[in-house]
Amino acid sequence: MTAEHARSRADDHVRNVTVRGIAARVSVRPGVGSHTDKPPLLLCNGIGTSLEALQPLVDQLHPDRGLVRFDVPGVGGSALPPFPYPIAGLASWVTALMAQLGHRRFDVLGLSWGGGLAQQLAVQAPRRVRRVVLVATGTGALMVPARPRVLKIMATPRRHRDPAYAAKVASEIYGGSMRTDGARGAALLHGATRSGPKRGYYYQLASMAGWTSLPFLGLLRQPTLVMGGDDDPIIPVANPKLQAALIPHSQLHIYQGGHLGVLTEADELAPIIDRFLDGDSPDPMNRDQENTR
Amino acid sequence: MTTAAGPVRPQKTAAKKSTGPKKKSPGTKESAGRTKSTGSSSSAAAKRAASPEAAPEQTAEHRRDAEGETQESADLSASTALATPLDLLLANASASPIRRFIPGMSGVKFTAGLVRHPRVVARRTAGLAYELTRVGLGRSRLAPGEKDRRFSEEAWVKNPVFKRTLQSYLAVGAAARGLVDDAGLDWGDDQRMRFIVDNLVEAAAPSNNPFLNPKVIKRTIDTGGGNLVEGGRRFVQDFATAPRVPSMVEADAFEVGRDIAVTPGAVVLRTDVFELIQYTPQTPKVRSVPMLIVPPTINKYYVIDLAEQRSLVEYLVQSGQQVFCISWRNPDVRHADWGLDTYGQAILEAMKACEDITGQDKTAIFGICSGGMIASMVMAHLADLGEQHRVAAYSLAVTVLDQEQAGVTSALLSHKAAAASTQASREKGYLDGRTLAEIFAWLRPNDLIWNYWVNNYLMGHAPKAFDILYWNADSVRMSAAMHRDFMDLAIRNALVTPGAATMLGTKVDLGQVTTDSYVVAGIADHLCKWESCYQTTQLFNGDTKFVLSTSGHIAAMVNPPGNPKASFQTSPSGRGQKGTDNPEDTQKWLTQAVKVKGSWWDDWVEWLSVRSGEERTKPRKLGNATYQPLDEAPGTYVHDR
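Residue numbers (my numbering), protein chains in the order written: chain W, 1 to 293; chain D, 1001 to 1641.
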């Protein structure tokens, strides 16, 4: 059995890549078959979680699709950067990372905090980013806010470090199917994920301070799919609706579920993402909003 | 940010290689990058091909050869210390760096000691004044040590200003060190004061000062101050995050899985605690008994799988062994309660997988460092259960089981500090490897701080690419429970007394272990002293072949055949019976030992082959139905920072 053989069995390949002096843990799944020459999909994770947390979604996306996942600097297996970074700096670092991996053009999917990064990438690197998927994410500082108690829980990384606490608060902050099963949220956050230093989480929080995508959403030129759950305590459903209204070539998909719906109900939502990325979407110039509900 | 690597590479810091391709010359990184897609063998070839570039330096460097080697051996032994099991864990990792330099009671005793000997102090002060006068008049003969690379620049000898600066420094430093001798302290306080005084004296060296080091001044003029700008950038980057010491290697000097840890294989088992890597056989026939490597828990496993030709794993595979290796997970705050039992259980799980995959009822085990301690406890556990026959051969490298004569570091540390340290790790959930890196760097400041201070910050050079240092910088955490358990073992020296420690519910009695064993130590290992490693031969009851390799902790282990200077010592009969071949007294052993030319790797593989069963055709694929290959080597856990 050769190394090649092992790769074809399990094609996700985790490695460390150093970009601008920061060693990042990256998982790369090369596109095969029909997707060999298509731009890969870059997955931007929620706050404080390592790339393993996206596994349920990865398992449901088209098996041939090229995928890139990474741990944000200071989180999971990536090195802590010396200083806090603004989101624009991180976006520039991510494009450098993708270039180093050999992808000058790619699609991007952002979940929650990663959705902020995805919006920034879309406006900052319009020639690099082909299509954008925003899942359960808002417009930054200027958005319809969550309830104070939810924000308070989000303000510390404790739920990523203390499984008992995570089980306790999961239903409250993630909503959807976790309302009945908090342990599932804890399992999602703790199964195989890696935990970074607290400082990494605070860097992530700080990077979004004062940032908002509201003014530039109208400038986005990429076809964009905006997804949101109708029972999401962190991102009230008004937010995805607002984003879809402001982004010129956008589709809106509101699903039944909570903040992590794209992970817990991946079997239903991944095909929608695949369809959108493969171009089975309305003509970008013809603004069309689709609401499945 | 770190793109300005190659062109400014200094020839001064280029250490002479003694074994294999360790160092990449400036052009190498690009060539390795270009050959990336064609696989690791060609990148290693590129590494070798690039070495002629360094040839013009060779003659000029001839004189420096000796120094280079000293430096390298210092690097080697220094870089290894993190792998030392207990000495360092005892370190008061809870204290801030400054705390470690406050002399406390030792300082009081030091002062008191000096007050008690006024005449000696007066004589020493007068001596210093006399010497300084001679320095001023240009009559002093003080000169730095032959091998002191800090003052190799000609200006230190020829320029009267620099010469006087250097001589004054040497005179004052010698006087300060002499005062410690004069104080007449007991051993512990003496070691502690010596540590602090040495640190201060070394920090004060004129070579560390950008205004007093001719080499730096020259470079500042040459580059128009660019070196200091670049150095400042490096300084900020290094000191913004722990470990707050100069980086000894660039973050992108190597890539795990591309230049190092490249022996092909697959992960056949993944648990919460570890990944088990099975290596692809490279010979048509393999030994039937599998071999399981238990690496240290304190650093990543790939010290035994460095670059090609320097990889112990590769060597074993090419010698026809079926090699399995554990890659420990880097624990985080959620794994605070992983203790010795967790790791012992993991070894048993890995053994079961090895037996199942190869269809054997036994395994050969090879423990390294702290991995060797846990494996030894598992051996005792198996012996207690009557399952000792499951281990065909037992090998240990640089492992100290008997802590009686712990290393230098123990003098700096106390039980109180140890307790404070476990307390701190309990609160945090883990012991941060980066804190240990800081502590260790300050134990050898000349090699690990000031050398890089001048090179990285004052000269503005990138540190050279050296695989062992890269490995060393890839620190891991230790779970709080493991830290507590290890410290407890060390303080009570519990492995020596039968029944003093437990493993998975059975009492540990190493005397019950009757399996043949092969024990390796390094003669220059200043942290796991070879004498301490040797005590293992007195603990086990089987035939224990003790092998004393040259060089230090890691260099003793990373010791590929082909180095003409390599040699080792072992007992003349080669059987290793307790009492006759392995007498109690280490000196007696040393006098009767015979010296063998070559690397112990060859000797060990020979020893193993006798004990690892018949040869059989290599398996067609890795793993089996129960243990499906999950990922290719080196797996995913090795990438966790």
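The beta-carbon is built from N, C-alpha and C at its ideal position, and this holds for glycine as well.
Under the Cβ criterion of 8 Å, residue 195/W is counted among the residues facing chain D.
Using a Cβ-Cβ cut-off of 7 Å, residue 18/W is close to 1251 and 1252 of chain D, given in chain order. Boundaries cannot be given for residue 208/W, as no alpha helix (DSSP H) includes it and DSSP labels it neither H nor E.
Taking 9 Å as the upper bound on Cβ-Cβ separation, chain W lies near residues 1236, 1237, 1238, 1239, 1240, 1241 and 1242 of the stretch 1229 to 1243 of chain D. About 5 Å separates the beta carbon of residue 174/W from that of residue 259/W, a gap short enough to meet the 8 Å contact definition.
For residue 1352/D, the enclosing alpha helix (DSSP H) begins and ends at 1340 to 1358. Nearest Cα to residue 213/W within the set 113/W, 14/W and 12/W: 113/W. The stretch 1561 to 1570 of chain D makes contact with the stretch 1589 to 1603 of chain D, as at least three CB pairs between them are under 8 Å. Identification of residues in the stretch 75 to 89 of chain W having a C-beta nearer than 9 Å to some C-beta of chain D yields 76, 77, 78, 79, 80, 81, 82 and 83, given in sequence order. Proximity to residue 1202/D across 1564/D, 1445/D, 1458/D and 1485/D peaks at 1445/D, based on C-alpha coordinates. Neighbours of residue 1461/D across chain W, judged by C-beta separation under 8 Å, do not exist; the nearest C-beta is about 16 Å away. Assigned with DSSP and collapsed to three states, residue 1368/D falls in strand. Where residue 1290/D is concerned, the enclosing beta strand (DSSP E) starts and stops at 1290 to 1294.
Look at residue 1641/D: its C-beta is under 8 Å from a C-beta on chain W.
Taking 8 Å as the cut-off, the beta carbon of residue 234/W is found closer than this to the beta carbon of residue 146/W. Selection 141/W, 150/W, 222/W and 272/W evaluated against residue 255/W yields 272/W as nearest (Cα-Cα). Assignment of alpha helix (DSSP H) within the stretch 1410 to 1480 of chain D, counting only whole runs of 4 or more residues, yields 1415 to 1428, 1433 to 1443 and 1467 to 1473 in chain order. At least one CB of chain D lies nearer than 8 Å to the CB of residue 21/W.
Short of 7 Å from the beta carbon of residue 267/W, and not among the five residues preceding or following it, lie these beta carbons of its own chain, in chain order: 60. The beta carbon of residue 1384/D sits closer than 6 Å to those of 1506, all from its chain and outside the five residues before and after it, given in chain order.
Approximately 5 Å separates the beta-carbon atoms of residue 1354/D and residue 1363/D; this is inside 8 Å, confirming the contact.
DSSP places residue 1557/D in no alpha helix (DSSP H); its state is neither H nor E. Of the candidates 125/W, 274/W, 237/W and 62/W, 62/W places its Cα closest to the Cα of residue 33/W.
If you ignore the 5 residues before and after residue 1481/D, its C-beta comes within less than 7 Å of the C-beta of 1336, 1337, 1338 and 1339, all in its own chain and listed in chain order.
Here the C-alpha atom of residue 21/W lies approximately 24 Å from the C-alpha atom of residue 29/W.
Just so you know, the alpha carbons of residue 1582/D and residue 1378/D end up roughly 24 Å apart. Residue 1388/D carries a helical assignment under DSSP once its states are collapsed to helix, strand and coil. Considering only 181/W, 262/W, 97/W and 78/W, the residue with the shortest C-alpha distance to residue 171/W is 181/W. Within chain D, no C-beta atom comes nearer than 9 Å to that of residue 73/W; the closest sits roughly 10 Å away.
When DSSP reads this structure, residue 253/W sits in a beta bridge with 227/W. Annotated three-state conformation of residue 85/W is coil, per DSSP. One finds 1636, 1639, 1640 and 1641 in chain D with Cβ atoms closer than 9 Å to the Cβ of residue 25/W, taken in chain order. Scanning its chain for C-beta atoms nearer than 8 Å, with the 5 sequence neighbours on each side dropped, one finds around residue 1177/D the residues 1194, 1197, 1198 and 1201, in chain order.
Closest in C-alpha terms to residue 1493/D, from the list 1322/D, 1253/D, 1536/D and 1452/D, comes 1536/D.
In the three-state reduction of the DSSP assignment, residue 1254/D falls in the coil class. As computed with DSSP, residue 1544/D is found in a beta bridge with 1517/D.
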